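One structure below.
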Amino acid sequence: MKNGLKISDGESVGSWIAAELTGSTGSVTGCVPDRYESYVRILHPASLDGGSVTWGQVADELGRDVHPLAQWDAIVGADRYRNETPDWPGSAPETGSLEKGLLGPLLETLEEQTKTPASVYFGIWRGMTWGKVVAVPASQGRDLPQATPWRSTDDLSFAFPEDEVARPGLELPHRGYVVVVGSIDSGILVEDWLSPSSPNLIWPEDRAWFVASEIDFDSTLVGGTVEMARSILEDERFEAFEVGPEDLLTWNADKVNPPLPE
10 MKNGLKISDG ESVGSWIAAE LTGSTGSVTG CVPDRYESYV RILHPASLDG GSVTWGQVAD
70 ELGRDVHPLA QWDAIVGADR YRNETPDWPG SAPETGSLEK GLLGPLLETL EEQTKTPASV
130 YFGIWRGMTW GKVVAVPASQ GRDLPQATPW RSTDDLSFAF PEDEVARPGL ELPHRGYVVV
190 VGSIDSGILV EDWLSPSSPN LIWPEDRAWF VASEIDFDST LVGGTVEMAR SILEDERFEA
250 FEVGPEDLLT WNADKVNPPL PE
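The numbers in our numbering rise by one with no breaks, and the one at position 13 of the sequence shown is 22.
Take a look at the structure:
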């Protein structure tokens, strides 16, 4: 155990999840278990000249609309995976990770919505770990400047032993995860190349809510109670929308903004 965190038996603690991922690939309940009253989508910020920019600001500038199922490429009029030039000069939102400036506030909000804040599971996609897990507890990491390079935080970070990382993990459709357990205020950031990333999955022992930052999505999904959803939607720090369990978040799900050329 290090700083209150330890590698968990993901196969055991997450055995309930796969059976409850009832939605199709790319849907809300394809990422978050189908058991919750409400689901919220938090949009990952874009960036321009080193600062965060909301999707709404970009949409207003381009004469397009941000809405619950908006897709970034449709807003900027370019398919990033075909290396097309967007109508906007900034950088696209990060995929697979909720930025540190939002992870802390989200965990603080969710702490009030669980009876087991001392026992929270953090799932880390194995494709991001390269056989190791190096973490910065958010109780320290959230106070670091957003632009601080990961390598300068070595005094705060720690690596789990490789034999622990190799323990049976959580296997979900198309994804395998290392699972770390600790208190919610440890809220770890994970080494991903040269910058810290958020865990891809987070849930408390009592399963009161579930957070998924799917590696291919530029938004984070949260399932929980109506009260939980309201607390996120009313918090101005988040650009968030309520979504339905069967809603799709695939590249072609945006039916409001002009479609991308085939």
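We put the CB at the ideal spot given by N, CA and C, even for glycine.
All values derive from a computational prediction rather than experimental measurement.
DSSP, read as helix, strand or coil, puts P182 in coil. From the listed residues P270, P95, T63, V188, the smallest Cα separation to R246 is found for T63. With fewer than 16 other CB atoms across the displayed protein chains lying within 10 angstroms of its CB, Y90 is exposed. In the displayed model, Y45 falls within coil according to three-state DSSP, outside both helix and strand. According to DSSP, E251 shares a beta bridge with V49. Residue state for V235 is assigned as helix, using DSSP reduced to three classes. DSSP, reduced to helix, strand and coil, places K109 within a helical segment of the structure shown. If you draw a straight line from the Cα of P267 to the Cα of V37, it comes to about 23 Å.
Sorting G99, V188, E46 by C-alpha distance to the C-alpha of V143 places V188 at the top. Secondary structure remark: continuous beta strand (DSSP E) runs of at least 3 residues inside the stretch 204–231, in chain order: 204–206, 210–213, 219–221. K109 and S206 have their C-alpha atoms spaced approximately 7 Å apart. Per DSSP, reduced to three states, the secondary structure at A83 is helical.
Listed in chain order, the beta strand (DSSP E) elements of length 3 or more contained wholly in the stretch 110–136 are 129–134. In the three-state reduction of the DSSP assignment, I193 falls in the helix class.
Of all C-beta pairs linking the stretch 107–122 to the stretch 172–190, fewer than three are shorter than 8 Å, placing the two stretches out of contact.
DSSP, reduced to helix, strand and coil, places S21 within a helical segment of the structure shown. A direct Cα-to-Cα measurement between D263 and A79 gives close to 5 Å. L52 and G39 do not touch by the CB rule: their CB atoms are close to 18 Å apart, not below 8 Å.
Taking a contact as a CB-CB distance under 8 Å, the pair P102 and A55 counts as one, their CB atoms being some 5 Å apart. DSSP places V67 in the helix class (H, G or I) of the three-state scheme.
In terms of Cα proximity to G19, the closest of G86, F131, T118 is F131. Excluding its 5 nearest sequence neighbours in each direction, A249 has C-beta neighbours in its own chain below 6 Å: V49, I51, I241, L242, listed in chain order.
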